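J.:
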Amino acid sequence: MTEATVVDYGAGNLKSVEIALGRLGCRAIRAATPGDIGRARRIILPGVGSFSAGMTALVSSGMDDALREAAERGTPILGICLGMQMLMERGAEGGCSKGLGLLAGGVVPLIPGRGLAMPHMGWNSVSITRRVGILDGVRDGACFYFAHSYVVEPSDPGVVCAVTEHGWIFPSVVSSGVVSGVQFHPEKSRFDGAALLGGFLAKGRER
């Protein structure tokens, strides 16, 4: 059976992710220690809440360094929502904080257009700009569930694979090497979310 390690640092929708993986025939393994991360074949970093609180939890557990080491070993990593943001070098939510640094750049507030609600919550479409493995089964213009008020701002525009518009256009999927991130919640996004998670699981099998 395919396995995926889901990082448990007290700030993620673990159960929803585990259910979504189970529907794909994948066994979810919770990781709460650096050793758990070290044994993983593929890693999902979920998250809700603030950047600073999420990074504080990862650092206090020692799993921040374990995630960096996993990326260096070539272990596929998928960040979801806050998990995607923590892949970056720095974030401003809850005070300026250092991120995992697996992708160059930072996290900035999403500034909505006139008449648009904040946080950005609900269904929105993604426009694919660069087709990568995790997007193999995802159609251009597919809708996903979002819940956030900050967005990533990569230093290298080449890592952006899909964008979404909510007042202004922001990266909704990024990928570089074994590291990928999605701003939306695939575990809450029905068939399109399942297709994206399936693409990530297939990426793990390429090792």
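Reminder that position 2 of the sequence shown reads as 3 in our numbering, one-by-one numbering, no gaps.
From the three backbone atoms N, C-alpha and C, an ideal C-beta is built for every residue, glycine too.
In this text the structure is predicted, and so the values were computed from the model without any measurement.
1. How long is the line joining the alpha carbons of G200 and I135, rounded to whole angstroms?
2. Answer yes or no: do R28 and M2 have a C-beta to C-beta separation smaller than 8 Å?
3. Quick check: L101 and M87, are their CB atoms within less than 8 Å of each other?
4. Helix, strand or coil, according to DSSP, for L152 in the structure here?
5. In three-state terms, what does DSSP make of S62?
6. DSSP three-state label for P172, please.
7. What are the boundary residues of the beta strand (DSSP E) that P110 is part of?
8. Going by beta carbon distance, what residues of the same chain come within less than 7 Å of G106, once the five residues before and after it are set aside?
9. How far does the beta strand (DSSP E) with T4 in it reach, from first residue to last?
10. Between the Cα of H186 and the Cα atoms of P113, W124, G138, which residue gives the shortest distance?
11. Using CA coordinates, which residue listed in G50, A196, G11, R43 is at the minimum distance from P120?
12. Flag this pair as touching only if the stretch 73 to 85 and the stretch 172 to 187 have three or more C-beta atom pairs under 8 Å; answer yes or no.
13. Of all the options R132, G39, A148, which has the alpha carbon lying nearest to the alpha carbon of A118?
14. Can you give me the Cβ contacts of V7 inside the same chain, cut-off strictly under 6 Å, excluding the 5 residues immediately before and after it?
15. Can you check whether the CB of F171 is closer than 8 Å to the CB of L111?
16. From the DSSP output, in three-state form, read off M119 for me.
17. Is it right to say R43 is buried, meaning 16 or more other beta carbons lie within 10 angstroms of its own, or is it exposed?
18. Quick check: the Cα distance between T57 and L197, rounded to an integer number of angstroms?
19. Checking 8 Å against the spacing of the C-beta atoms, do E94 and Y10 come in under that value?
20. What is the residue span of the alpha helix (DSSP H) that A21 lies within?
21. Considering only residues of the same chain and omitting the five flanking positions on each side of E166, which have a CB-CB separation below 6 Å?
22. Taking E4 as the reference, which of I38, T34, A12, G13 has the closest Cα?
T.: Once the coordinates are examined:
1. 4 Å
2. yes
3. yes
4. Per the sequence shown, residue 152 should be read as Val rather than Leu. If DSSP states are grouped into helix, strand and coil, V152 belongs with the strands.
5. helix
6. strand
7. 106 to 110
8. M89, E90, V153, E154, P155, S156
9. Residue identity check: residue 4 is Glu in the sequence provided, not Thr. 3 to 8 is the extent of the beta strand (DSSP E) around E4.
10. W124
11. G50
12. yes
13. A148
14. L15, V18, A29, R31, I45
15. yes
16. coil
17. buried
18. 28 Å
19. no
20. 15 to 24
21. none
22. I38
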